[in-house]
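Below is one structure; the comments refer to it alone.
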Amino acid sequence: MAFRKAAKRTAIIGGGAVAAFLGLSQLSEYRKTQFGGLSPHPTPHDIPTKHGMARLAHVAAEAELKVPFASGLPTRQAQLSALRDEEEFDVLVVGGGATGSGCALDSVTRNLKTAMVERDDFSSGTSSRSTKLIHGGVRYLQKAIMKLDYEQYMMVKEALHERANLLEIAPHLSGPLPIMLPVYKWWQLPYYWAGIKMYDLVAGSQCVKSSYVLSKSRALELFPMLKRDKLVGAIVYYDGQHNDARMNLAIALTAVRHGAAVANYTEVLHLLKKNDPQTGKERVCGAHCRDVLTGDEFDVRAKCVINATGPFTDSLRKMDNDKLENICQPSAGVHIVIPGYYSPDNMGLLDPATSDGRVIFFLPWQKMTIAGTTDSPTSVTAHPTPSEDDINFILNEIRHYLSPDVEVRRGDVLAAWSGIRPLVTDPNSKDTQSICRNHIVNISDSGLVTIAGGKWTTYRSMAVETLDAAVKAHGLTAGPSKTDGLMLEGAKGWTPTLYIRLVQDYGLENEVAQHLASTYGGKAFDVAKMAKVTGKRWPIVGKRLVSEFPYIESEVVYAIKEYACTAIDVIARRTRLGFLNVQAADEALPRIVEIMAKHLDWSEDRKKTELEAARTFLHQEMGYRSRSEALNKTEINLDYQEVMRYKTRFHKFDKDNKGFITTVDVQRVLQNINLQIDEDSLHDILNEVDLNKNGQVEFDEFLQLMSAVKKGQVSDSRLAILMKAAEQSLDSRAPISVDRSGGGV
6 MAFRKAAKRT AIIGGGAVAA FLGLSQLSEY RKTQFGGLSP HPTPHDIPTK HGMARLAHVA
66 AEAELKVPFA SGLPTRQAQL SALRDEEEFD VLVVGGGATG SGCALDSVTR NLKTAMVERD
126 DFSSGTSSRS TKLIHGGVRY LQKAIMKLDY EQYMMVKEAL HERANLLEIA PHLSGPLPIM
186 LPVYKWWQLP YYWAGIKMYD LVAGSQCVKS SYVLSKSRAL ELFPMLKRDK LVGAIVYYDG
246 QHNDARMNLA IALTAVRHGA AVANYTEVLH LLKKNDPQTG KERVCGAHCR DVLTGDEFDV
306 RAKCVINATG PFTDSLRKMD NDKLENICQP SAGVHIVIPG YYSPDNMGLL DPATSDGRVI
366 FFLPWQKMTI AGTTDSPTSV TAHPTPSEDD INFILNEIRH YLSPDVEVRR GDVLAAWSGI
426 RPLVTDPNSK DTQSICRNHI VNISDSGLVT IAGGKWTTYR SMAVETLDAA VKAHGLTAGP
486 SKTDGLMLEG AKGWTPTLYI RLVQDYGLEN EVAQHLASTY GGKAFDVAKM AKVTGKRWPI
546 VGKRLVSEFP YIESEVVYAI KEYACTAIDV IARRTRLGFL NVQAADEALP RIVEIMAKHL
606 DWSEDRKKTE LEAARTFLHQ EMGYRSRSEA LNKTEINLDY QEVMRYKTRF HKFDKDNKGF
666 ITTVDVQRVL QNINLQIDED SLHDILNEVD LNKNGQVEFD EFLQLMSAVK KGQVSDSRLA
726 ILMKAAEQSL DSRAPISVDR SGGGV
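When you line the sequence shown up against my numbering, it's residues 6 to 750, in that order.
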């Protein structure tokens, strides 16, 4: 069967350039938005039109939906038993990313008997490695206008509706984000303004908030890190932002609540087929699966199998027919995380014209700053790795639009990741930047339904179209989709002030309570109930996994209830610690493994395996470079005066002129200035700089450290900061000479 394009072509009636492109009805919608009495900055809660009607439809349909697991989630073992024991499902979805989970939710809420399997963990692939934006695609709108491409316009229109819906159905995980577009040439100001206003116009009544123009002084007030030279002003527009992995999980858990049999770490080994007695052709009738954790194999039979495997789309298609040509051209997008002080708390930045024509976003997220993304062809892999070239490209682009006062350092990169976008193309296309992120639905001769392409924001509408096609092709008995406006896991019971109740009722720290409310929504109380007493005056409950982040130990226990099976699941997707700071995640791992081992009955060997696997994940997939790795790649590049200054500092610790310092030397100096650090911490501090791992730091290693700090290859070195502070303290305590004291008179 031929591919079905996502955008649906409709007739357009009207005169004038804008009317011809958008249609008079949409212009009318826009005029009502602008002049119809709505607030100048409407939020999704203010909008009484299509978005509001979705909510009313949900309320009306809610009583019809079955929610068999409203009180508690079934265990993973129970889900596996359901997959094995069910004689035949109506729908089996392969792939637990955003699209697959969306298909499972759409299917089960149509009262279809639904199963979903995922080879790894939910959102372990592309869906957890996005830019974290819920957007309509402002640059796709530019292409649509410049090329009069109606299909791209309809894709943007659809995405803007889905943006509004997603902000509504998961308010705890998402919210509006203003994004600044700095302008450095006067002629660009009206050009960009017209384009951004067109974005608002297309959104119509579902516009999050209206865009606006800023003067140079106002732009610098809101974004003081911005380069001021040649800046003439800025334009601010609004999109949505979300916690992508948690959003994906919320979709999957909502499907489970409604009765879907769902299992992660369940791999499809091959598709099951049978002959159709009417046509004599082979038809796909399920999949032979393997529990990755135990090795057990079993069959899952279904009337319809949906391929929603993202970058691995072609792998499953070729299980059906190995002669098929590829339809996905994977593209790698790299992001980096840098400290929050690089951007304001609630203002993003968009650079629409980088040195090679790619778009760079610079966004606040989880009190850090995300910068990215690159876009380059790649091969399909389950473990994509961010390259040093991509990381440095992003850093160089950041330097172009940040003030010279802000030193952009490689050592400030706290985490980096690569996500593979499953762009849909023909096998002969080579330019990934020109490919539309539209999606296609394909039904093979044997009945395998494939949904490929698309983007995060439109996961729900993609799922609707996929299920519509599946129901028609396989003759399933099902009604229309009920997911537009259907609240996701945690949305019910959430309010903006919910965290206050957590502080008052449980004695949690304010920051921890805010984190729990924005991560779990109404389910935050379940996490708080599991939190253990700290034994301190405050906070009463909630021991942190690592001091500078609000993640607490009870979240690890709750993660197991949310089907976390490995330590990676916890640091990468149930919490986002691995995406925010790899060093902090590494420090938290031993405690996370201990907690999981207690509840999952892990052996000592399993604990060791988990720890090693998680650290491998941080090093390979999250861009973790230890201090030693960074130092090994740094040449000593210091002038004579710098070398002499650092030599003086070093010898304040190396009193015996040994040429090296040990923990004993450092401990002695710290005692002299009345500072105490425990032996284990001191060992860790020195070990970061001890390149040859002989238990001591030689003078050459110290110079290499200081050279790396100077170049920005290493930042926040504990040893460098400690030795500098100790030197300053010792110097301030030096006896005053007789000459300086005036002879003691």
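Where is the CB? At the ideal position from N, CA and C, for every residue including glycine.
- According to DSSP, residues forming a beta bridge with glycine 180: Stepping through the sequence shown from its first residue, residue 180 is reached at position 175. In DSSP, glycine 180 forms a bridge with Gln246.
- Item | proline 389 classed as buried or exposed, judged by whether at least 16 other C-beta atoms fall within 10 angstroms | As a first step, residue 389 must be located in the sequence shown, where it is residue number 384. So proline 389 counts as buried.
- Under 8 Å Cβ to Cβ from threonine 500, same chain only, skipping five residues before and after it: list those, please. To locate residue 500, count along the sequence shown from 1; it is residue 495. No residues qualify anywhere along the chain.
- So the beta strand (DSSP E) alanine 4 belongs to, where does it begin and stop? Outside the displayed span of the chain (6 to 750) sits residue 4, for which this structure offers no information.
- For the alpha helix (DSSP H) that contains histidine 656, what are its first and last residues? On the sequence shown, residue 656 is found 651 positions in, with the first residue counted as 1. DSSP places histidine 656 in the uninterrupted alpha helix (DSSP H) bounded by 645 to 658.
- Task: Return the Cβ separation of proline 316 and glycine 130 in integer angstroms, given the expectation that the two are a contact with Cβ distance under 8 Å.
- Result: Translated into the one-based positions of the sequence shown, residue 316 becomes position 311. Translated into the one-based positions of the sequence shown, residue 130 becomes position 125. About 7 Å separates the two Cβ atoms, so the contact holds.
- Message: Contact between the stretch 140 to 151 and the stretch 293 to 304 is defined here as three or more beta-carbon pairs at a separation below 8 Å; is this criterion met?
- Response: Segments in contact, no.
- Query: What is the residue span of the beta strand (DSSP E) that asparagine 312 lies within?
  - Reply: Taking the sequence shown and counting its residues from 1, one reaches residue 312 at position 307. Run containing asparagine 312: 302 to 312, per the beta strand (DSSP E) assignment.
- Item | Local Cβ density within 10 Å of arginine 542, reported as buried at 16 or more and exposed below that | The sequence position of residue 542 within the sequence shown is 537, counting from 1. Exposed, by the Cβ-count rule.
- Query: Is it buried or exposed for leucine 178, if we count other Cβ within 10 angstroms and need 16 for buried?
  - Reply: Position 173 of the sequence shown, counted from the first residue, corresponds to residue 178. Classification of leucine 178: buried, given that the 10 Å Cβ count is 16 or more.
- Sub-9 Å separation of alanine 756 and alanine 260 beta-carbons: Lying before the first or after the last residue shown, residue 756 is absent from the chain, which here runs from 6 to 750.
- Query: Is DSSP giving leucine 29 helix, strand or coil here?
  - Reply: Counting from one through the sequence shown, the residue named residue 29 turns up at place 24. Annotation note: pLDDT 31 at leucine 29 (below 50); position unreliable, coordinate value reported separately. Reduced to three states, the DSSP call for leucine 29 is helix.
- Message: I need the straight-line Cα distance from valine 385 to isoleucine 425, nearest angstrom please.
- Response: Along the sequence shown, one-based indexing puts residue 385 at 380. Along the sequence shown, one-based indexing puts residue 425 at 420. Going by the C-alpha atoms only, they are around 7 Å apart.
- Query: Residues bridged to valine 161 by DSSP?
  - Reply: Your numbering for residue 161 matches position 156 in the sequence shown. Note: valine 161 sits in no beta bridge, so no partner.
- Query: Quick check: the stretch 168 to 178 against the stretch 488 to 498, are there 3 or more CB pairs under 8 Å?
  - Reply: yes
- Rounded Cβ spacing between leucine 194 and valine 237 (contact assumed at less than 8 Å): Position 189 of the sequence shown, counting from 1, holds the residue named residue 194. Position 232 of the sequence shown, counting from 1, holds the residue named residue 237. In this structure leucine 194 touches valine 237 by the C-beta definition: roughly 6 Å separates them, less than 8 Å.
- For glycine 480, does the three-state DSSP call read helix, strand or coil? Counted from its first residue, the sequence shown places residue 480 at position 475. If DSSP states are grouped into helix, strand and coil, glycine 480 belongs with coil.
- State the DSSP-derived secondary structure class of phenylalanine 665, mapped to helix, strand or coil. Position 660 of the sequence shown holds residue 665. In this structure, phenylalanine 665 counts as strand in the three-state DSSP scheme.
- Under 9 Å, do arginine 596 and glutamate 558 count as touching if we go by C-beta distance? Here residue 596 refers to the residue found at position 591 of the sequence shown. Here residue 558 refers to the residue found at position 553 of the sequence shown. Yes, Cβ-Cβ distance for arginine 596 and glutamate 558 is below 9 Å.
- Query: Skipping 5 residues on each side, what residues in its chain have a beta carbon closer than 7 Å to that of lysine 612?
  - Reply: The residue given as residue 612 occupies position 607 in the sequence shown. So the list reads Val598 and Ala602, once near-sequence residues are dropped.
- Item | Candidates Thr104, Ala313 and Ile396, of which the one nearest isoleucine 343 by Cα | Along the sequence shown, one-based indexing puts residue 343 at 338. Closest option to isoleucine 343, Cα to Cα, is Ile396.
- Message: For leucine 231 and aspartate 327, what's the separation of their Cα atoms in angstroms?
- Response: On the sequence shown, residue 231 is found 226 positions in, with the first residue counted as 1. On the sequence shown, residue 327 is found 322 positions in, with the first residue counted as 1. Cα to Cα, leucine 231 sits roughly 53 Å from aspartate 327.
- Message: I need the straight-line Cα distance from aspartate 736 to alanine 255, nearest angstrom please.
- Response: For the purposes of this step, residue 736 is taken as residue 731 along the sequence shown, with counting starting at 1. For the purposes of this step, residue 255 is taken as residue 250 along the sequence shown, with counting starting at 1. Each residue's Cα considered, the two are about 57 Å apart.
- Specify the secondary structure class of tyrosine 217 as computed by DSSP and reduced to three states. Indexing the sequence shown from 1 puts residue 217 at position 212. Strand, per DSSP.
- Can you tell me the Cβ-Cβ gap for tyrosine 751 and alanine 103, rounded? I've got them flagged as a contact below 8 Å. Given that the chain is displayed from residue 6 to residue 750, the structure contains no residue 751 and the question cannot be resolved.
- Message: Here's a check: name, in chain order, each residue in its chain whose Cβ is nearer than 8 Å to the Cβ of leucine 407, leaving out the five neighbours to either side.
- Response: To locate residue 407, count along the sequence shown from 1; it is residue 402. Contacts found: Met230, Leu231, Lys232, Tyr347 and Val413.
- Task: Report the rounded CA-to-CA distance for aspartate 689 versus leucine 507, giving the unit in angstroms.
- Result: In the sequence shown, the residue the question calls residue 689 occupies position 684. In the sequence shown, the residue the question calls residue 507 occupies position 502. If you take the alpha carbons of aspartate 689 and leucine 507, they lie about 36 Å apart.
- Item | Touching by the beta-carbon criterion (3+ pairs, under 8 Å), the stretch 274 to 281 and the stretch 132 to 140 | no
- Taking C-beta to C-beta, are serine 128 and aspartate 249 nearer than 9 Å? Position 123 of the sequence shown, counting from 1, holds the residue named residue 128. Position 244 of the sequence shown, counting from 1, holds the residue named residue 249. The answer is yes: Cβ separation under 9 Å.
- Message: Rounded to the nearest angstrom, what separates threonine 379 and glycine 459 at their Cα positions?
- Response: Locating residue 379 in the sequence shown gives position 374, where the first residue counts as 1. Locating residue 459 in the sequence shown gives position 454, where the first residue counts as 1. In a straight line, the C-alpha of threonine 379 is about 18 Å away from that of glycine 459.
- Query: Is the beta carbon of serine 216 less than 9 Å from the beta carbon of glycine 338?
  - Reply: Position 211 of the sequence shown holds residue 216. Position 333 of the sequence shown holds residue 338. Contact flag unset, no.
- Where does the unbroken beta strand (DSSP E) through cysteine 212 begin, and where does it stop? Here residue 212 is taken as the residue at index 207 of the sequence shown, counted from 1. Neither: cysteine 212 is in no beta strand (DSSP E) and is coded neither H nor E.
- Query: What is the rounded straight-line gap between the Cα of lysine 190 and the Cα of threonine 668?
  - Reply: As a first step, residue 190 is located in the sequence shown; it is residue number 185 there, counting from the start. As a first step, residue 668 is located in the sequence shown; it is residue number 663 there, counting from the start. The straight-line gap from Cα to Cα measures roughly 56 Å.
- Rank Ala307, Leu225, Met711 and Ala387 by C-alpha distance to the C-alpha of threonine 639 and give the top, closest one. Your numbering for residue 639 matches position 634 in the sequence shown. Measuring from the Cα of threonine 639, the nearest candidate turns out to be Met711.
- Message: Could you give the first and the last residue of the continuous beta strand (DSSP E) run that contains valine 96?
- Response: Working through the sequence shown from its first residue, we reach residue 96 at position 91. Segment 94 to 99, the beta strand (DSSP E) holding valine 96.
- When you compare only the Cα positions, how much space is there between methionine 121 and arginine 322? Working through the sequence shown from its first residue, we reach residue 121 at position 116. Working through the sequence shown from its first residue, we reach residue 322 at position 317. Whole-angstrom Cα-Cα distance: 17 Å.
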